[in-house]
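Going left to right, the sequence shown walks through residues 202 to 586 as the working numbering numbers them. Here a beta-carbon is modelled for each residue, glycine too, at the ideal position from N, C-alpha and C. A short write-up of the structure that comes next.
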Amino acid sequence: MNTLLGGLSRKRFLAEYWQQRPLLIRGAIPGFVNPISPEELAGLACEAETECRLVLEQDGATPWEVRHGPFAEAEFGTLPNSHWTLLVQEVDRHVPSLASLLDQFAFIPNWRLDDIMVSYAADQGSVGPHVDEYDVFLIQGAGRRRWQISDQRVTGADLIPGLSMRIMREFKPTETWVLEPGDMLYLPPKVPHHGVAQEPCMTYSIGFRAPDQLNLWDSLSAYLQEHHLPVTRYVDPQLQPPDNPGQIPPRVLAKISQLLRTLPLADHMLADWFGRFSTESRSELVSLPLDEPYDAGEVVHLAATQTLYRSETSRFAYIEFSDHTVLYVDGEAYRLAAGLGYLAPKLAGQRRYAPGELTPLLKRKECLALLTQLINAGCVYCHYE
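Here's what the structure looks like:
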């Protein structure tokens with residue numbers, strides 16, 4: 202039985218719930234053990250490269266005060282006994298054992314995954330009633346949290362003005378649950394929700410990317426400039442004297458609209474751009490190249506004797522074109538030679554490769570060269586055992 206989805210098949214969950222309606226799953230992860238302690242989470246929040254926030258509903262300079270990290274360790278000793286929350290982004294990139302939790306969500310494509318945010322809340326801690334623009338799975342760790350959802354339609358006018366967070370003025374719950382350790386709540390985008398700690402507790406939020414049109418246009422424009430796509434300029438033959446030189450008439454706006462809609466972008470270029478865009482890192486946490494690179498012979502030995510892992514800070518995806526396959530890693534494209542397309546699903550579909558698992562593939566020099574390149578770039582690494 203698939204406890205993660207409450208006995209639902211992955212196919213049924215995606216058909217009936219994904220981006221449609223919430224789902225509460227009791228005992229989604231039986232015996233769930235916190236991969237990180239509150240003290241370790243606070244320690245991460247003190248590191249310079251960590252994106253984190255403290256939210257104080259009370260006892261701050263203003264109601265719902267937000268403080269951005271990194272924090273000094275002593276600051277945690279000054280916090281009140283209740284009504285505050287620490288949120289740390291991308292904890293999966295810091296804690297490999299937490300990153301392995303993502304394997305249970307492999308029924309969602311890699312490129313859609315964003316990160317795992319971990320929150321620690323003091324008693325009655327909350328970030329207020331709000332809506333998100335993305336799908337999220339909320340896994341309850343230590344302690345208990347009360348979650349409420351609403352069927353309200355939320356606009357900007359429904360938010361409290363003057364706050365750095367988008368908190369609703371008035372929240373009318375339609376359902377209420379108290380989640381115990383191992384319980385999970387799935388929320389699609391735009392569902393108003395409000396979580397309040399019933400005691401000191403931790404929550405693991407698995408969020409998913411949902412690029413908007415501006416994100417896409419900005420990235421695509423940069424790609425087109427980088428690849429020197431031949432573009433068409435606005436032309437106006439048989440121009441007639443205007444009634445007023447200051448007017449921009451409807452016929453001009455129609456031509457501009459048509460010009461934008463007929464961008465000469467071939468399908469393969471669109472695919473290549475999106476492969477790069479969808480695997481680019483959105484944070485300062487990136488895989489770093491090795492100071493002492495491995496040669497091909499050393500990589501063969503590593504693959505045969507050690508467990509290899511995809512880096513927690515790297516993103517992998519692939520696209521199958523008509524005559525070749527391209528593996529995309531951290532915004533870079535690796536075109537696979539004819540007959541080597543099987544390598545991309547292997548590398549992009551798993552997070553861990555057992556000793557010897559990749560050895561048969563490395564008999565092809567192109568495969569060995571690619572794995573060597575990925576290891577030396579820090580995108581794949583090993584734990585010596």
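Nearest to residue i by CA position, among the options, is which residue?
| i | options | result |
| --- | --- | --- |
| PRO271 | GLU513, CYS247, ASP359 | CYS247 |
| HIS584 | GLN507, LYS456, PHE517, PRO465 | GLN507 |
| GLU266 | ASN235, ARG254, ALA275 | ARG254 |
| ASP336 | GLU217, THR263, PRO390 | PRO390 |
| LEU486 | ARG434, HIS295, GLU241, GLY261 | HIS295 |
| LEU380 | LYS373, ALA343, PRO362 | ALA343 |
| GLY383 | CYS580, GLU567, GLY207 | GLY207 |
| ASP359 | SER210, PRO443, GLU371, ILE350 | GLU371 |
| ALA505 | ILE237, PRO561, GLN399, TYR405 | PRO561 |
| GLU567 | LYS547, ALA539, PRO446, ALA578 | ALA539 |
| GLU427 | ALA455, PRO446, TYR435, MET470 | MET470 |
| GLU240 | PHE308, TYR321, PHE233 | TYR321 |
| SER406 | GLY261, ALA262, SER420, LEU388 | LEU388 |
| PRO236 | ASP352, PRO442, ALA243, PRO297 | PRO297 |
| THR375 | MET369, HIS394, MET366, SER365 | HIS394 |
| PRO546 | GLY532, THR526, VAL256 | THR526 |
| LEU205 | ILE226, GLU400, ASP419 | ILE226 |
| GLU593 | LEU287, ARG347, ARG536 | Summary: the structure shown does not reach residue 593, with the chain confined to residues 202 through 586, and so no result is reported for it. |
Would residue i be called buried (16 or more neighbouring beta carbons within 10 Å of its own) or exposed?
| i | result |
| --- | --- |
| THR356 | exposed |
| THR514 | buried |
| HIS502 | exposed |
| GLY557 | exposed |
| GLY278 | exposed |
| GLN290 | buried |
| HIS429 | exposed |
| SER238 | exposed |
| PRO443 | exposed |
| ALA275 | exposed |
| TRP418 | exposed |
Distance check for residue j and residue i, CA to CA, integer angstroms please.
| i | j | result |
| --- | --- | --- |
| ARG268 | LEU415 | 28 Å |
| ILE576 | TYR582 | 6 Å |
| PHE338 | MET385 | 7 Å |
| GLU258 | PRO494 | 49 Å |
| ILE457 | LEU489 | 44 Å |
| SER482 | PRO450 | 43 Å |
| ARG565 | SER523 | 22 Å |
| THR665 | SER484 | Because the chain in this structure spans residues 202 to 586, residue 665 falls outside the shown range and cannot be described. |
| PRO362 | PHE306 | 36 Å |
| GLN439 | VAL332 | 52 Å |
| THR377 | GLN349 | 4 Å |
| GLN353 | LEU464 | 39 Å |
| LEU314 | TYR554 | 21 Å |
| MET403 | ARG367 | 22 Å |
| LEU245 | GLN448 | 57 Å |
| VAL319 | GLY408 | 11 Å |
Under 6 Å Cβ to Cβ from residue i, same chain only, skipping five residues before and after it: list those, please.
| i | result |
| --- | --- |
| ALA497 | LEU569, THR573 |
| GLN220 | PRO389 |
| GLY232 | none |
For residue i, which residues of its own chain have a beta-carbon under 7 Å away from its beta-carbon, when the five flanking residues on both sides are left out?
| i | result |
| --- | --- |
| GLU153 | It is not possible to answer for residue 153, since the shown part of the chain is limited to 202 through 586. |
| PRO412 | none |
| ALA518 | ASN311, TRP312, GLY476, SER479, THR480, TYR529, ALA549 |
| ASP293 | LEU299, ALA300, LEU303, ASP316, ILE317, GLU513 |
| VAL392 | PRO223, VAL332, ILE350 |
Since residue i sits in a beta bridge, which residues does DSSP pair it with?
| i | result |
| --- | --- |
| ASP324 | SER283 |
| ALA534 | TYR529 |
| TYR554 | LEU509 |
| ASP473 | Looking at the DSSP assignment, ASP473 forms no beta bridge with any residue, so it has no partner. |
| HIS618 | Shown here, the chain extends from 202 to 586; a query on residue 618 therefore has no answer. |
| LEU296 | Per the sequence shown, residue 296 should be read as Val rather than Leu. None, per the DSSP bridge assignment. |
| SER406 | MET318, LEU339 |
| ILE226 | MET385 |
Using a Cβ-Cβ cutoff of less than 8 Å, which residues in the same chain neighbour residue i once the five nearest sequence positions on both sides are dropped?
| i | result |
| --- | --- |
| TYR500 | Residue identity check: residue 500 is Val in the sequence provided, not Tyr. Excluding positions up to five away in sequence, the list reads LEU563, LEU569, LEU572, THR573, ILE576. |
| ARG552 | ALA300, SER301, LEU303, ASP304, TYR510, ARG511 |
| ALA249 | PRO271 |
| SER210 | ASN203 |
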